[in-house]
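Residue numbers (my numbering), protein chains in the order written: chain A, 1 to 345; chain B, 1 to 345; chain C, 1 to 326; chain D, 1 to 326.
In what follows, a structure is listed as structure tokens, so that the remarks can point back to it.
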Ligand SMILES: Cc1ncc(C[n+]2csc(CCOP(=O)(O)OP(=O)(O)O)c2C)c(N)n1
Ligand SMILES: Cc1ncc(C[n+]2csc(CCOP(=O)(O)OP(=O)(O)O)c2C)c(N)n1
Ligand SMILES: [Mg+2]
Ligand SMILES: [Mg+2]
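This is the structure:
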């Protein structure tokens, strides 16, 4: 059996392998080495290796290419973009995706638009790694999953891994990809263990993973929600309800082929996203499925998302806020029970 | 017949009336008086009155309350938020909505979340006015309509007026509203003329306007797209196809009642938005309608949006990029021709 | 300066500092037991800064705080019982349990919130100061921020705008030597080592003071606040201080010299220094201070007990307090 | 300094300045006829800045520009025919007609783009400079920005980061007295009137020079660029200059003293001053400069004729060039 490692170590390994393979890869972020300017940071030893230790050990290996930045997100994320437009492959770490608001311009007006504005000449292979997700009593400004705002921007690619294997392969692909990629890491997955080969591999961007196959309902689930969907699907299977679970892995580009062909088989759709339904991925998937494969739908698709409120701090409220297997199960049952009332025109 | 004035003058008038009625209202932005620090700006005379002259004439009336800011959007938009949390009703002008990326944090993490994070105690009656829209050969960084990113944020209200009458009433309502409001002004509408009463009035936020009634198809159209939808509807009417046109006027909160009850009548839906379909208002409307009134749908709903590319500069490309009456007409016809292939489970 | 303070003032200031220390030290202990949720950043060691500044302020004056906000809250008069309950995520908390440590706010007390976003405070307080200026109510706005935050664009922009608009605003830099694990020697290489130098470049008076000396902070803040109240515009005050715990609770602090905190606690503790100063000059009796210590200990003990016993928020609260209408 | 420049160099510099002036003055006329689409911001009057800096640069050195970008493009060697076609939105334009005036870029020439976002350039050039530093290729990054942009947080952050990371980067402030209609006397009240003061606060060498004097700019830039190439870190250069037209074409300029430009054109024109300097010292013959003028006139004329005649982009181009794959 293959080696099992944690999600965060898979990310660390992907960065290490890419930095070994390609001298133009570097990492810049807050405390990504850690201890800069203190007595303890020497070239043999980093201190923090990132706020949750994800880049631990990389600084001693690549002391010039693991760069601590001042708390100036616009400057250092912008520098990652600028360096990448000049032949490097920067990995910029935006600690929490919640902080996008202080540096979004450099991503959505600069990195994303260079190629188009410049008539197809620019190549900006920057990768932004950033944390998402609730569940840690981290409250409204450290628990968000604002990826649908990034997905709304043509020119960016958005990647959301759901397990250690995918994290390694998708991050490698993102770093190697010639377009700006934003890589969303769910903090609750960091300690998730899974089989991860030691060697280098990539998982192509834009290809969904069919996690489970079943003929009754298609569940599209993102990031951490994939686990929850699996739990719900197991429970439902006991009652003879068989679900297909699709993990899109990238939401931009979205693998519509995989989703459409599954819905064409099942006729039923549940989308699970821990972010908001309003102008979010959930309504996006339901909207596009409905426009493009309406004829296949046997029942009203359902969205299982966070309610439209900021993330609350108190543990009981936060638990109520998040989607969970029970809510997914209920949504699936709703699609099964519903009779299609659509009348033929 | 009532007086006809331009959209931008309606906005100017709404600001003037609110500043007259309420001493706590003030306007801050770039060049909103104009000429600050130059010999020409005295208390009798402003210079620019905003980059397109929308606030022209307000500075002489309220010299203390029409405030030019340095080009520091985070600071002055944040100051509008902070002042509003301290009892004022600031109007912050973010010149082009395209610039949101340099100051988004102060809106989405601060203004939007204060009330919830602080346990329902904060009141932040700030209004952000900002320009949207393509059609001026202004290219990728001055033509965007990123309102769906704002609509994704609980705690913000998003207003998109489509004509001078609505602009005045909705802006008055926004300024008076106790929640943070983002008011999106389409630059191509600034010179649109329409009947606008001189007196003060408000149009309640969260209420859609049914622009036209017809039994065959429901068209939901935003901002400038309302005119295009009307043109398409007139053309279709000649062929006996009768459209209802709904102008939501606010996309957060969205008036779902108005949309759902119309779709329940017509069974057909076309959403027109000059922004992107991906995680945008168009897929949001289709997604929610499908989830909530699936049984009423007689055909696949259609989205008429910009293609998923940055706004091009060249006039011919920009014209091809934008939705237009012909595209809307085609989408409506598609919903009419389509036979519902949905099979009953 | 010391002698300008009445005995009552001195005792009040001491009580605040002791409350902060006790509150934070207790949270440190409680966190270790695993009962405190979320990210918790403690202010122990920096008490003289918040207290030295806030002793000049009233409820109309506004402050904005940071992720390390408990000290500012206490100094500005936020209720300790409510704060502790909030940190435990309880219905009786200052924010009904919805904000937690990083979002404690009390608008009636002029406390505009701790903040999870580094550098978010300066624009907000520029707004508070602008409101004061427009209303001509003589109030001031004070923003607290760290050496790390001093590099955030929002901070620089607000410095410039405060000068431009002549705002009654005070920038209080808490230079505690670290931003997470990063030193300002690295991230703010101003040459002299005094980050306040930058402020002068923006055209604003700026001073650097010993942030562990209550009286030094009190004096600098008093001058700045008085100037601001009189329409004299903004001031920047850099306070050199130290945090006694990790960046957040759970931080192994591998980036720190082993004895740094131990030595500071002995030689440079703001509370000890205050006690020494006031007792050596005979301004206050040691016994009076000890009585305060006892009081505060009991208060904090009570706050923890009540917080632990308090009910969680109602589930219905999840959906309320988003907009004024719901 | 003048004498350090060969005659060839002097003629080259003059040609650039003349190209910029002619290009912009012609656009001003063409705009008035209504045939030029979009927002157009002209650089006439500021020629000595772009040219004085870029004469030190080669194609490996990167620059980032602003909404007022034509001058920087020309100075950095971007093809004038392609630029004019781009501004007319034609298929033959530098960006195939998809960018327009505000987004002209030529990466092969080290020109990272004009930019529609005020203050977007500094972080990008910090990145370019970081790339140079990592590659150790001796190249430098130069960011041009205005007095208005000097107040943007991105700019301050980048100044600090350039110092922190010791980047081979030069900040070139084009202080032309206005940001749209707002004066830096209002928006950047640094006290001395020299915005460059701020840079020193960040720990960086900074100078203020006469931006209408090619030689003053050339000298200051030369020193800064040489230092940067040798690993000596960033420099800030403030160039005091003036724009001869409105903020954008169509601006009625109500905020400007009536004769400001008229007088400047006579007394302080960077081209006239250059001509006077080099001819009075006999370094160059007036006739040689006039020959250049004629050449340039013909070139710009040709660029306009060809731009007007060129085809629009193909409609299929709408959907290409978003990602590397389409
Ligand atoms: C915009 C933003 N960037 C980064 C962070 C993560 N972060 C939280 S506190 C902190 C360090 C702050 O250091 P400093 O300002 O010196 O304050 P101190 O913790 O020393 O009190 C960082 C990087 C954040 N919360 N917000
Ligand atoms: C982030 C942002 N804010 C505002 C604007 C609008 N704007 C464009 S140019 C300009 C003035 C810039 O002034 P300055 O930097 O002095 O450059 P100049 O025009 O004088 O060359 C403004 C406010 C913008 N494009 N981007
Ligand atoms: Mg610190
Ligand atoms: Mg200028």
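For every residue, glycine included, the Cβ atom is placed at its ideal position computed from N, Cα and C.
Predicted model, so just to flag it, every value in this text is computed and none were measured.
- Look at residue 209(B): its C-beta is not under 8 Å from any C-beta on chain A.
- Not one heavy atom of ligand 4 sits closer than 7 Å to the Cβ of residue 316(D).
- The bridge partners DSSP lists for residue 131(B) are 96(B) and 185(B).
- Sequence-distant Cβ neighbours of residue 153(A) in its own chain, meaning closer than 6 Å and more than five residues away, are 108 and 112.
- At least 8 Å separates the beta-carbon of residue 40(A) from that of residue 182(C).
- Interface flag for residue 123(A) against chain D is set, since a Cβ pair is found closer than 8 Å.
- Listed along chain A are 286, 300, 301, 302 and 303, each with a C-beta nearer than 7 Å to that of residue 291(B).
- Interface annotation, residue 312(A): in contact with chain C, CB-CB separation under 8 Å.
- 107, 108, 109, 112, 113, 116, 117, 139, 140 and 141: these are the residues of the stretch 107 to 141 of chain B whose beta carbon lies less than 8 Å from some beta carbon of chain A, given in chain order.
- Listed by position along the chain, the residues with Cβ atoms less than 6 Å from a non-hydrogen atom of ligand 4 are 146(D), 147(D), 148(D), 176(D), 178(D) and 179(D).
- Shown here, residue 203(A) sits in coil according to DSSP, grouped into three states, outside any helix or strand.
- DSSP places residue 322(A) in the coil class of the three-state scheme, outside both helix and strand.
- With fewer than 16 other Cβ atoms from the protein chains shown falling within 10 Å of its own Cβ, residue 21(B) counts as exposed.
- Counting along the chain, no beta strand (DSSP E) covers residue 5(D), and no H or E run does either.
- Residue 251(B) sits in a strand when the DSSP states are folded into three classes.
- With a threshold of 7 Å, the Cβ atom of residue 21(C) does not count as near ligand 1, since no heavy atom of the ligand is closer than that.
- In the DSSP annotation of this structure, the continuous segment of the beta strand (DSSP E) that includes residue 173(D) starts and ends at 169 to 175.
- When secondary structure is reduced to three states using DSSP, residue 224(A) falls in the coil class, being assigned neither helix nor strand.
- Note on residue 179(C): 16 or more other CB atoms within 10 angstroms of its CB, so buried under the neighbour-count rule.
- Ranked by Cα distance from residue 263(A), the first of 158(A), 122(A), 323(A) and 297(A) is 297(A).
- With a cut-off of 7 Å, the C-beta of residue 136(B) is classified as distant from ligand 2, since no heavy atom of the ligand falls inside that distance.
- Per the DSSP secondary-structure output, residue 208(C) pairs in a beta bridge with 238(C).
- Under the DSSP assignment, residue 320(D) falls outside any beta strand (DSSP E); it carries neither an H nor an E label.
- Between residue 128(D) and residue 112(D), the C-beta spacing is below 8 Å.
- Contact of residue 189(D) with chain C is assigned, a C-beta pair being separated by under 8 Å.
- Residue 55(A) sits in coil when the DSSP states are folded into three classes, being neither helix nor strand.
- Distance from residue 173(C) to residue 237(C) at the Cβ level is roughly 7 Å; contact confirmed, criterion being Cβ atoms closer than 8 Å.
- Cβ-Cβ distances below 8 Å link residue 326(D) to 319 and 320 in the same chain, with the five nearest sequence neighbours on each side left out; the list follows chain order.
- Distances taken from the Cβ of residue 68(C) to the heavy atoms of ligand 1 include one shorter than 7 Å.
- Between residue 94(B) and residue 77(B), the gap from beta carbon to beta carbon is short of 8 Å.
- Close partners of residue 165(A) in chain B (Cβ separation under 7 Å) are lacking, with about 27 Å as the shortest Cβ gap.
- With a threshold of 7 Å, the Cβ atom of residue 117(D) counts as near ligand 2, since some heavy atom of the ligand is closer than that.
- Within the stretch 51 to 85 of chain C, no residue has a Cβ lying closer than 8 Å to any Cβ of chain A.
- Exclusion of the five residues before and after residue 38(D) leaves 100 and 101 as the residues of its chain whose Cβ lies within less than 7 Å of its Cβ.
- Taking C-alpha positions only, residue 170(B) is separated from residue 157(B) by approximately 12 Å.
- Residue 326(D) carries a coil assignment under DSSP once its states are collapsed to helix, strand and coil.
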